[in-house]
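Visitor: First the structure, which I've put down as structure tokens, then a few questions once you've had a look.
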Amino acid sequence: MNLLEVVSDGFADVRAHAGRTALQTLGVVLGVASVVGTMGLMAGERAQSMKYWSETGGVLKMIVYPQPATVVRGTARQQASRGLTVDDVEAIRARIAGFELVEPSVRRRELVQTPRLAKTYTVSGVAPGYAELHELQIGRGRFITDEDVTTSASVCVLGDDRAREFFGTEDPIGKTIRLGDNSFRVAGVLRYREFYWSKADTYNALGWMNEVIIVPITAMQAREVGAGSRRVDEIGFRLASVEAHKDAAPALKRLLLARHGVEDYRIFDRKDRMEQMEQQGKVYDFTFLACGLISLIVGGIVVANILMASFTERMREVGVRKALGAKGWHIGVQFLVESAIVTGLGGAIGLVLGVGFVHAIAYLLDQVAVLTPTMIVAAMLSAGTVGLVFGFFPAIKAARLDPVVALRYE
Amino acid sequence: MSTPLIELADLWKTYDTGEVAVDALRGIDLVVERGDYLAIMGPSGSGKSTLMHIIGCLDSPTRGSYKLDGTEVSTYSSGKLAELRNRFIGFVFQSFNLLPRASLLRNVELPLLYGGVASVERNRRAMQMLDQVSLADRAKHRPSQLSGGQRQRAAIARALVTEPALLLADEPTGNLDQSTGNEVMDIFDALNGIGQTVILVTHDPNVAAHARRVVRIVDGKVATDQARAA
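Protein chains in written order, with our numbering: chain A, 1 to 410; chain B, 1001 to 1230.
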């Protein structure tokens, strides 16, 4: 007989048991929605941190800071080390390939005097590459130029907050501020930047960019005398490529250790950090995924429970149908139609619900809602698993059922 | 003389319960001609249910021969047995066994569906059968909306819709009161009157009294086989 007719009979049977089917579908919906939802949240979290990394210079950034050595009683050479210096910068530039940018910067607390206020702020002395390294964006005017560095020009660039603080609504470009004893002309103002990890978060992760006061590095060094003038407070690097990390990062460590004899510096390696985060992320992923899978199992149990509750009725029905001439495959198809409806419908609704959940959370936390093809595959897989376990196997069992046993079932 | 509808020869059925093998049927010989009206009687445990299952092609014998309409079917596969049930046998059960969530019409159509009859034809024949048992106006009703007698009539309509050679009824009045039971028995009598072969499986002598031939099964064997005066 016609397969189509058996299938349509299966549909009629599902209609007759609409309540039962609806409950089973609900079980699948819950399972799939939770898997899709957790995956979406995980992906969203990832996307947010990726966005942060790329807005602040990407994975290719490495920074070295000086830090007091932990060796209490070192050798003479260790004690002679004076932290990071301009010589380090030159040695790195000369000997290590693989860095696109090697940018030293110097910091000093200075009394800043403007017509409006007199207050002490940290002032940074940098070269032009600094802006590129940290993705600083110029709002008005210009950044420090090579010429500024060569001539140790008395110019400065202000973060947006600082510019507002010093000059209010006036245009700061061309105006002067006093840093310590010297006057500096404002050459540029940085664009206002912000990044919040979530909507509830009040911490602007890019806030420091709005609060900088930047001058040419040479202008800063000129203010020191003797050995102090060669000191740097930070060396920022940008790798030429991700592949360059493999050789350049260890080479940098070796070179610095050879030059200083002691670890009086700290290397902040974004790639390492990202790999660490990736590792942590995996732990979270597994935790989340476990939660999703548990929900899926709970959904499966709902399906199984309903299957069990209607077991007696089903057994008798199978017996009757077989007595009337139904073959194994007739019964099998009938069960499969039911589980296909439960799985398909449950999977589709679950996917929509899960996606909606992700969007709702993203909206509430002001994050990006991320939907990946993996999520759809996962939804299909989880619905398929439930369908297979609670649809396919019962279908085979029912198809093979001995009619005498099925008819006698009480 | 034409071939008998049913011919059982030295039929055995052994249930292997693990340690002990139980012989439910121990060499049954039975011939049922077309148009026969037979009652199979026997106490519980006598093997009459097992015999009914085998005659109804729901089960296969362990040993011996079962010829249905001249064809040896004792070795048939479950799929072929399903076809035989569909074509040759109409079942009427004690507890009616109508699908509770399907309308009477769909219940009666079901054997035709498994028999591969097209939808329009199915509908026509099922309605015709329901009409014959005076339930045409209840076609869209569910079994639960009907009385016991009506349900059993619907079940008879379902059993007969494929025009089977054999109507096999297992305690057909067991769940009915006396007068409703009598109505149902009258239907069987009438069917047999127009040539329908009927086998009743019962322990109720009042039911058996409708048959023209009574076979008693005791301990898995035919104890008596008596023709009754009409």
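Even glycine gets a Cβ: it sits at the ideal position worked out from N, Cα and C.
1) With 8 Å as the C-beta to C-beta threshold (strictly closer), list the residues of the region 309-343 of chain A near chain B in chain order.
2) With a cut-off of 9 Å, does the C-beta of B/Tyr1114 fall near any C-beta of chain D?
3) Determine, for B/Gly1056, whether the minimum Cβ-Cβ distance to residues of chain A falls below 9 Å.
4) Along chain B, which residues have their Cβ under 8 Å away from the Cβ of A/Asn2?
5) By a C-beta neighbour count over all protein chains shown, 10 Å radius and 16 as the cutoff for buried, is A/Pro250 buried or exposed?
6) Could you check whether B/Phe1088 and B/Asp1170 sit closer than 9 Å to each other, using their CB atoms as the reference points?
7) Kindly indicate the opening and closing residues of the alpha helix (DSSP H) around A/Pro394.
8) Would you please verify whether the beta carbon of A/Ala398 is less than 9 Å from any beta carbon of chain B?
9) Counting only runs of 4+ residues fully inside the region 83-127 of chain A, write out the alpha helix (DSSP H) ranges in chain order.
10) Within the same chain, show all residues whose beta-carbon is closer than 7 Å to that of B/Arg1063, passing over the 5 residues directly before and after it, in chain order.
11) From B/Arg1034 to A/Thr21, what distance separates their C-alpha atoms?
12) To which residues does DSSP link A/Leu136 through a beta bridge?
13) Any C-beta of chain B sitting closer than 9 Å to the C-beta of A/His17?
14) Just curious, the beta strand (DSSP E) that A/Ser183 is in, first and last residue?
15) Would B/His1141 count as contacting chain A if we go by Cβ distances under 9 Å?
16) In the DSSP output, what is B/Arg1232 paired with across the bridge?
17) Roughly how many whole angstroms lie between the Cα atoms of A/Arg270 and A/Trp53?
18) Mind checking whether A/Ile235 and A/Val123 have CB atoms under 9 Å apart?
19) If the cut is a Cβ gap below 8 Å, which residues of chain B does A/Val404 touch?
20) In angstroms with no decimal places, state the Cα-to-Cα distance between B/Leu1105 and B/Ile1156.
21) Using a Cβ cut-off of 9 Å, pull out every chain B residue sitting near A/Ala12, in sequence order please.
22) So is B/Asn1206 in contact with chain A if we call contact Cβ pairs under 9 Å?
23) So which residues of chain A does B/Ala1082 contact, with C-beta pairs closer than 7 Å?
24) To which residues of the same chain is A/Gly384 closer than 8 Å at the C-beta, ignoring the five residues directly before and after it?
25) Kindly confirm or deny that the region 182-199 of chain A and the region 160-173 of chain A touch, where touching means at least three C-beta pairs closer than 8 Å.
26) By Cβ distance below 7 Å, which residues in the same chain neighbour A/Lys253 in space, the five residues on each side in sequence not counted?
27) Taking the alpha-carbon of A/Phe357 as reference, which of A/Met42, A/Val89, A/Ser8, A/Gly299 has the nearest alpha-carbon?
28) With H, G and I counted as helix, E and B as strand and the rest as coil, what does DSSP make of B/Arg1026?
29) For A/Met62, write down the residues that DSSP places opposite it in a beta bridge.
30) Taking the beta carbon of B/Asn1097 as the centre, do at least 16 other beta carbons fall within 10 Å, making it buried, or is it exposed?
31) What residues from the region 1191-1206 of chain B come within 9 Å of chain A, judged by C-beta to C-beta, listed N to C?
32) Run down chain A in chain order and give the residues with a C-beta less than 8 Å from the C-beta of B/Gly1018.
33) At a CB distance below 8 Å, what residues from the region 1065-1089 of chain B approach chain A? Give them in sequence order.
34) What residue range is occupied by the uninterrupted alpha helix (DSSP H) comprising A/Ser49?
35) Do three or more CB pairs link the region 1167-1184 of chain B to the region 1132-1141 of chain B at distances below 8 Å?
36) To the nearest angstrom, how far is it from the Cα of A/Arg223 to the Cα of A/Ser229?
Guide: Working from what's here:
1) Residues of the region 309-343 of chain A whose Cβ lies closer than 8 Å to any Cβ of chain B, in chain order: Glu313, Arg316, Glu317, Gly319, Val320, Arg321, Lys322, Ala323, Leu324, Gly325, Ala326, Lys327, Gly328, His330.
2) No chain D is present in this structure, whose protein chains are A and B.
3) Position 56 of the second sequence, counted from the first residue, corresponds to residue 1056 of chain B. With 9 Å as the cut-off, B/Gly1056 counts as an interface residue toward chain A.
4) Here residue 2 of chain A is taken as the residue at index 2 of the first sequence, counted from 1. Those are Gly1116, listed as they occur along chain B.
5) Reading the first sequence from its first residue, position 250 is the one you call residue 250 of chain A. By the beta-carbon neighbour count (other beta carbons within 10 angstroms, threshold 16), A/Pro250 is exposed.
6) The residue you call residue 1170 of chain B lines up with position 170 of the second sequence. The residue you call residue 1088 of chain B lines up with position 88 of the second sequence. Result no, Cβ atoms of B/Asp1170 and B/Phe1088 do not sit closer than 9 Å.
7) Here residue 394 of chain A corresponds to residue number 394 of the first sequence, with the count starting at 1. First-last of the alpha helix (DSSP H) with A/Pro394: 393-400.
8) Taking the first sequence and counting its residues from 1, one reaches residue 398 of chain A at position 398. By this cut-off, A/Ala398 is not an interface position.
9) The region 83-127 of chain A contains these whole alpha helix (DSSP H) runs: 86-95.
10) In the second sequence, the residue the question calls residue 1063 of chain B occupies position 63. Result list for B/Arg1063: Trp1012, in chain order.
11) For the purposes of this step, residue 1034 of chain B is taken as the residue at position 34 of the second sequence. For the purposes of this step, residue 21 of chain A is taken as the residue at position 21 of the first sequence. Rounded to whole angstroms, B/Arg1034 to A/Thr21 spans 46 Å at the Cα level.
12) Translated into the one-based positions of the first sequence, residue 136 of chain A becomes position 136. For A/Leu136, no pairing in a beta bridge is given by DSSP.
13) Taking the first sequence and counting its residues from 1, one reaches residue 17 of chain A at position 17. With 9 Å as the cut-off, A/His17 counts as an interface residue toward chain B.
14) Locating residue 183 of chain A in the first sequence gives position 183, where the first residue counts as 1. Taken as a continuous stretch (DSSP letters only), the beta strand (DSSP E) holding A/Ser183 covers 182-190.
15) Walking along the second sequence from the start, residue 1141 of chain B turns up at place 141. Not an interface residue.
16) The structure shown does not extend to residue 1232 of chain B, since chain B spans only 1001 to 1230, so no value can be given for it.
17) Walking along the first sequence from the start, residue 270 of chain A turns up at place 270. Walking along the first sequence from the start, residue 53 of chain A turns up at place 53. Going by the C-alpha atoms only, they are around 9 Å apart.
18) Taking the first residue of the first sequence as 1, we reach residue 235 of chain A at position 235. Taking the first residue of the first sequence as 1, we reach residue 123 of chain A at position 123. No, the pair does not count as a contact, with Cβ atoms beyond the cut-off.
19) Stepping through the first sequence from its first residue, residue 404 of chain A is reached at position 404. Result: His1053, Leu1058, Asp1059.
20) Along the second sequence, read from residue 1 onward, the residue named residue 1105 of chain B stands at position 105. Along the second sequence, read from residue 1 onward, the residue named residue 1156 of chain B stands at position 156. Inter-residue distance for B/Leu1105 and B/Ile1156 is about 13 Å (C-alpha atoms, whole angstroms).
21) If you number the first sequence from 1, residue 12 of chain A lands on position 12. Using a Cβ-Cβ cut-off of 9 Å, A/Ala12 is close to Ala1102, Arg1106 of chain B, given in chain order.
22) Residue 1206 of chain B sits at position 206 when you count from the first residue of the second sequence. Not closer than 9 Å to any Cβ of chain A, the Cβ of B/Asn1206 fails to qualify, so no.
23) In the second sequence, residue 1082 of chain B corresponds to position 82, counting from 1. Going along chain A in sequence order, the residues near B/Ala1082 (Cβ under 7 Å) are Lys322, Gly325, Ala326, Lys327.
24) Here residue 384 of chain A corresponds to residue number 384 of the first sequence, with the count starting at 1. Same-chain partners within the cutoff: Thr343, Gly347.
25) The region 182-199 of chain A vs the region 160-173 of chain A: in contact.
26) Residue mapping note: residue 253 of chain A aligns to position 253 of the first sequence, counting from 1. Close CB contacts of A/Lys253 within its chain, under the 7 Å cut and outside five residues either way in sequence, are with Ile267 (chain order).
27) Here residue 357 of chain A refers to the residue found at position 357 when the first sequence is read from its first residue. Taking only the C-alpha atoms, the option nearest A/Phe357 is A/Met42.
28) Translated into positions along the second sequence, residue 1026 of chain B becomes position 26. In the three-state reduction of the DSSP assignment, B/Arg1026 falls in the strand class, which pools E and B.
29) Counted from its first residue, the first sequence places residue 62 of chain A at position 62. The bridge partners DSSP lists for A/Met62 are A/Phe237, A/Asp269.
30) Your numbering for residue 1097 of chain B matches position 97 in the second sequence. Classification for B/Asn1097: buried.
31) Shown here is that no member of the region 1191-1206 of chain B has a Cβ falling below 9 Å from a Cβ of chain A.
32) In the second sequence, residue 1018 of chain B corresponds to position 18, counting from 1. Residues of chain A passing the Cβ test: none, with the nearest at roughly 16 Å.
33) Taking a C-beta cut-off of 8 Å against chain A, the contacting residues of the region 1065-1089 of chain B are Ser1078, Gly1079, Ala1082, Glu1083, Arg1085, Asn1086, Arg1087, listed in chain order.
34) Numbered from 1 along the first sequence, position 49 holds the residue referred to as residue 49 of chain A. Where A/Ser49 is concerned, the enclosing alpha helix (DSSP H) stretches over 18-55.
35) Inter-segment contact for the region 1167-1184 of chain B and the region 1132-1141 of chain B is absent: fewer than three beta-carbon pairs are separated by less than 8 Å.
36) Walking along the first sequence from the start, residue 223 of chain A turns up at place 223. Walking along the first sequence from the start, residue 229 of chain A turns up at place 229. CA-to-CA, the gap between A/Arg223 and A/Ser229 works out to about 8 Å.
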